[in-house]
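Q: First the structure, which I've put down as structure tokens, then a few questions once you've had a look.
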Amino acid sequence: MNLIVEQGNTKIKAAVFENGRIAVFVSGDAGDYEIVEQLLENKNIRQAIISSVVDVENFFVEQLKTAVSRLIFLDENTPLPIKNAYETPATLGKDRLAAVAGANFLKPDSNLLVIDAGTAITYEFIDSQGVYAGGNISPGLTTRFRALHHFTGRLPLVQESEKVPFIGSNTAEAIMAGVVNGVVFEMDGYIDFFKTQYRDFYVFLTGGHAQYFEKRLKNHTFADPNLVLIGLNRILEYNADKE
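All letters in the sequence shown, in the order written, are residues 16 to 258 by this note's numbering.
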């Protein structure tokens, strides 16, 4: 069994993988290591990988080292099952890299666009040869709502809802329609472009707002909220096979 830990700025996620599938999944606030420690009670966990955008507490690292026979911290030097052609790998977000590795594992030998709809919206492309070419970053849904409120004098803070008009009939609706529809057009625009460039092309959608946008896009996507965890598990298994 494998333990996968993804620590972000505000959330920590962890999963136990058994035979390539998630057997147990937990999440909590960043730094809530207790939820992960509880998973370590399973003595069948042999190896673990950590992907973190912040410093990991030393006591937790030592606990993991004691509990597992192999521990990997994902960084720019970690061997990967894909080829990373990004010019500045040290600045590449680990979640972006893991999501691409996950998509490539689920749909090998294909041209893939991975859209991660979170605090930021990222667009990552990996070709059918397993070469990650890079990607783009734009503000996420919540970030756009907050920016309009913060950088203007009178625009209210709006949150997404299920019912979104195409044209707003009041200020709140205008913000809602502008932001949500703008993201939809942006996503569909990227997908339409890549469809003209590549055959055997598929789109993966992940992140906190994946399901929200999946039903609004005109293009078909494979929505998987656990794509980053799947990618981390793939990287861990790849390194185990190399030894």
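In this text, a Cβ means the ideal position worked out from N, Cα and C, and glycines have one as well. Everything numeric in this text was worked out from a predicted model, so none of it was measured.
(1) Determine contact between the segment 243-251 and the segment 59-74, defined as no fewer than three beta-carbon pairs at a distance below 8 angstroms.
(2) Under a three-way DSSP split, which group does V76 fall into?
(3) Does the distance from the C-beta atom of F88 to that of Y48 stay below 8 angstroms?
(4) What residues in its chain sit with their C-beta under 6 angstroms from that of A30, if we drop five residues either side in the sequence?
(5) Taking the Cβ atom as the reference point for each residue, do H224 and G108 lie within a distance shorter than 8 angstroms?
(6) Does the beta-carbon distance from D215 to S153 come in below 8 angstroms?
(7) Under the assumption that Y217 contacts L127 (Cβ atoms under 8 angstroms), give the Cβ distance between them as a whole number of angstroms.
(8) Below 6 angstroms CB to CB, which residues in the same chain sit around K80 once its five sequence neighbours on both sides are set aside?
(9) With DSSP as the reference, label L232 as helix, strand or coil.
(10) So, using beta-carbon positions, are M202 and F228 closer together than 8 angstroms?
(11) From which residue to which residue does the beta strand (DSSP E) around L170 run?
(12) In angstroms with no decimal places, state the Cα-to-Cα distance between T106 and E175.
(13) Using three-state DSSP, classify K122 as helix, strand or coil.
(14) Ordered along the chain, which non-local residues of its own chain (more than five positions away) have a Cβ less than 8 angstroms from that of G183?
(15) With DSSP run on the structure shown, which of helix, strand or coil describes I60?
(16) How is A100 classed by DSSP in three states: helix, strand or coil?
(17) Mind listing, in chain order, the continuous beta strand (DSSP E) runs of no fewer than 3 residues lying wholly within the segment 110-158?
A: Taking the geometry as given:
(1) yes
(2) Looking up residue 76 in the sequence shown gives position 61. Reduced to three states, the DSSP call for V76 is helix.
(3) Position 73 of the sequence shown, counted from the start, is the residue given in the question as residue 88. Position 33 of the sequence shown, counted from the start, is the residue given in the question as residue 48. Not a contact, by the Cβ cut-off of 8 angstroms.
(4) The residue you call residue 30 lines up with position 15 of the sequence shown. Here the set comprises I19, I37, F40 and L244.
(5) By one-based count along the sequence shown, residue 224 stands at place 209. By one-based count along the sequence shown, residue 108 stands at place 93. Contact flag unset, no.
(6) Taking the sequence shown and counting its residues from 1, the one referred to as residue 215 is at position 200. Taking the sequence shown and counting its residues from 1, the one referred to as residue 153 is at position 138. No, the pair does not count as a contact, with Cβ atoms beyond the cut-off.
(7) For the purposes of this step, residue 217 is taken as residue 202 along the sequence shown, with counting starting at 1. For the purposes of this step, residue 127 is taken as residue 112 along the sequence shown, with counting starting at 1. At roughly 6 angstroms, the Cβ-Cβ gap stays under 8 angstroms, so Y217 and L127 are in contact.
(8) Your numbering for residue 80 matches position 65 in the sequence shown. For K80, where only same-chain residues beyond five positions count, the Cβ hits under 6 angstroms are L86.
(9) Numbered from 1 along the sequence shown, position 217 holds the residue referred to as residue 232. In this structure, L232 counts as coil in the three-state DSSP scheme.
(10) Residue numbering aside, residue 202 sits at position 187 when the sequence shown is read from its first letter. Residue numbering aside, residue 228 sits at position 213 when the sequence shown is read from its first letter. Contact: yes.
(11) In the sequence shown, residue 170 corresponds to position 155, counting from 1. Counting along the chain, L170 falls outside any beta strand (DSSP E), and DSSP gives it neither H nor E.
(12) Taking the sequence shown and counting its residues from 1, one reaches residue 106 at position 91. Taking the sequence shown and counting its residues from 1, one reaches residue 175 at position 160. Whole-angstrom Cα-Cα distance: 31 angstroms.
(13) Working through the sequence shown from its first residue, we reach residue 122 at position 107. Three-state DSSP puts K122 in coil, outside helix and strand.
(14) Counting from 1 along the sequence shown, the entry for residue 183 is found at position 168. Around G183: A189, I190, M191, A192 and G193.
(15) Within the sequence shown, residue 60 is the residue found at index 45, counting from 1. I60: coil per DSSP, three-state reduction.
(16) By one-based count along the sequence shown, residue 100 stands at place 85. The answer is coil: DSSP assigns A100 none of H, G, I, E or B.
(17) 126-132, 135-141 and 146-154
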